[in-house]
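Residue numbers (my numbering): 58 to 381.
Note sheet for the following structure.
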Ligand SMILES: NC(=O)C1=CN([C@@H]2O[C@H](COP(=O)(O)OP(=O)(O)OC[C@H]3O[C@@H](n4cnc5c(N)ncnc54)[C@H](O)[C@@H]3O)[C@@H](O)[C@H]2O)C=CC1
Ligand SMILES: O=C(O)C(=O)CO
C-alpha cells in the first residue's frame, strides 16, 4: 500500500476533525497550539505534502520563497486568505484553498450581536453591574440607540454581508443598502430588497449601522479612515467582523471619543491580538477576540471543508475552493 500523504496542521482543530485527519493521513498536529515561527513553516513546506495554516499564521513571501518544497497544496482553515501572500504562492507553484460558505451564517450572527451590543450598550451595562455600580432602574439610565426599523449599510455584499443583511432585514425590519466593489447579481440583492449605492461614502452617510464584510489585505488597508468616518451619522454604529486593517483604529478611537459616531462593535483588529490602547479606552466600543466563526459546528464544518479540498487534490482532481 502506498504511504499516506504527509499533512501538517499548524493549530489545534476540533477533535472530530483531528481524529478523521489521523485516519486518512500521516498527519502532524500542533498539540501545543503555539503559533509556528516562519522558520518552522518554511521547514514544513520542505517536509510535508500538504500544509494547513489558518488565519492567524502569516504565510508571507519570506515563508513561501523556498527551494525544492515538497508541499504542493496550502489548504487554509478559514475563508479569509489575506494572511497568505497569494502572488508569492502562485509564483512558487503552490495551490491555495480556503473554506467559504460554511461560516457565513455564524459570522453574520456575530455581526448582528455586535450591532445590538454596541447600540444597546451591552458591554457598558455589564461592566457597571459587575463593578457593583448599578443604582437601579431609572428612565434616563444608559440610553442606547434603537436599530429596529433603521438602515443597515453593508460594505462588501458577499456571502457574509448578504447573510447579515437577511438577519437585519427579516429579524429587525431594517432597510438594507450596500456598496460592493464588483457588480452584485440582482437576485441576490432582491432577497432583502437591498438597494445598491454607488460609493462607500454614500452608504456611510445614509446608514444607521455600517457593517464591514470585504476581505482584508493591502487593497482594503484603512479603507475606513478619518475622512470617511466623518461622513457617518453621530448616532451610527460601525461593525467590523472583516479584518482589522480595513479600519484605521486610531481614527476610529478618535471618532468614538469625540462622539462623531455613536459606537462600534469590533471582532477584528489590526495587529491582533494586540489592541491599541486608544480603542481599549472607548466605553462605546464593544470588543471581541475574533469570534466570528467560533461555534463548534462551524469550526467542524471548516475542518471538513479543508479535508474536502485535500481529498480532491490527492485524488488528482481540482479542489473546489482554490483561491490561488
Ligand atoms: N471575524 C471572523 O471571524 C471572520 C471574518 N471573515 C472575514 O470576512 C471576509 C468576507 O468573507 P466572505 O463574505 O465569505 O467573502 P466574499 O468574497 O463572499 O465577500 C467579500 C465581498 O467584498 C467585496 N469587496 C472587496 N473589496 C471591497 C471594497 N473595497 N469595497 C466594497 N466591497 C468590496 C467583494 O467584491 C465581495 O463581494 C473574509 O475575507 C474574512 O476576512 C470571515 C469569516 C469569519
Ligand atoms: O475564516 C476567517 O476568515 C476567519 O477570520 C475566522 O473564521
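Note that beta-carbon positions come from the ideal geometry of N, C-alpha and C, so glycine has one too.
Closest Cα partner of residue 206 within the set 363, 225, 217: The residue you call residue 206 lines up with position 149 of the chain shown. Nearest of 363, 225, 217 to residue 206, Cα basis: 225.
According to DSSP, residues forming a beta bridge with residue 63: Within the chain shown, numbered from 1, the residue matching residue 63 stands at position 6. Note: residue 63 sits in a beta bridge opposite 83.
Looking only at its chain, what residues have a beta carbon closer than 7 Å to the beta carbon of residue 256, apart from the 5 residues adjacent to it on each side? Counting from 1 along the chain shown, the entry for residue 256 is found at position 199. Contacts found: 236.
Endpoints, beta strand (DSSP E) assigned at residue 107: The sequence position of residue 107 within the chain shown is 50, counting from 1. Here the beta strand (DSSP E) through residue 107 covers 107–109.
State buried or exposed for residue 98, treating a residue as buried only when at least 16 other CB atoms are found within 10 Å of its CB. In the chain shown, residue 98 corresponds to position 41, counting from 1. So residue 98 counts as buried.
Please name the residue in 111, 228, 310 whose C-alpha comes closest to that of residue 69. Your numbering for residue 69 matches position 12 in the chain shown. Answer by Cα proximity: 111.
How about residue 350: is its Cβ closer than 7 Å to a heavy atom in ligand 2? As a first step, residue 350 must be located in the chain shown, where it is residue number 293. Yes, Cβ of residue 350 sits closer than 7 Å to a heavy atom of ligand 2.
Span of the alpha helix (DSSP H), counted from its first residue to its last, around residue 294: Locating residue 294 in the chain shown gives position 237, where the first residue counts as 1. Looking at the DSSP string, residue 294 is not in any alpha helix (DSSP H); the run it does join, the beta strand (DSSP E), is 294–297.
The region 314–332 / the region 293–303 touching (three or more Cβ pairs under 8 Å): yes
Taking the runs of the alpha helix (DSSP H) that are 4 residues or longer, which of them lie wholly in the region 207–240? 216–223
Anticipated Cβ contact below 8 Å, residue 165 with residue 217, distance rounded: Residue 165 sits at position 108 when you count from the first residue of the chain shown. Residue 217 sits at position 160 when you count from the first residue of the chain shown. Confirmed, Cβ separation roughly 5 Å.
Might you give, ordered along the chain, the residues of its own chain that have their beta carbon closer than 6 Å to the beta carbon of residue 341, omitting 5 neighbours on each side? Locating residue 341 in the chain shown gives position 284, counting from the first residue. Cβ neighbours of residue 341 beyond the five flanking positions: 313, 320.
Can you give the Cα-Cα distance for residue 308 and residue 200, rounded to whole angstroms? Walking along the chain shown from the start, residue 308 turns up at place 251. Walking along the chain shown from the start, residue 200 turns up at place 143. Going by the C-alpha atoms only, they are around 25 Å apart.
Mapping the DSSP letters down to three states, classify residue 301 as helix, strand or coil. For the purposes of this step, residue 301 is taken as the residue at position 244 of the chain shown. Residue state, collapsed to three classes: helix.
In this structure, does DSSP put residue 379 in helix, strand or coil? Residue mapping note: residue 379 aligns to position 322 of the chain shown, counting from 1. If DSSP states are grouped into helix, strand and coil, residue 379 belongs with the strands.
Among the residues of its own chain, which have a CB less than 6 Å from the CB of residue 169, if the five just before and after it don't count? Taking the chain shown and counting its residues from 1, the one referred to as residue 169 is at position 112. Closer than 6 Å at Cβ, skipping near neighbours: 224.
Taking the alpha helix (DSSP H) that residue 126 falls in, what are its first and last residues? For the purposes of this step, residue 126 is taken as residue 69 along the chain shown, with counting starting at 1. Note, residue 126: premise wrong, no alpha helix (DSSP H); not H, not E.
Using 7 Å as the cut-off, classify the Cβ of residue 136 as near or not near the heavy atoms of ligand 2, replying yes or no. Locating residue 136 in the chain shown gives position 79, where the first residue counts as 1. Yes, the beta carbon of residue 136 sits closer than 7 Å to at least one heavy atom of ligand 2.
Residue environment, residue 186, which counts as buried when at least 16 other CB atoms sit within 10 Å: To locate residue 186, count along the chain shown from 1; it is residue 129. Classification of residue 186: exposed, given that the 10 Å Cβ count is below 16.
Count the C-beta pairs between the region 70–77 and the region 353–364 that are closer than 8 Å, then say yes if the count reaches three, no if not. yes
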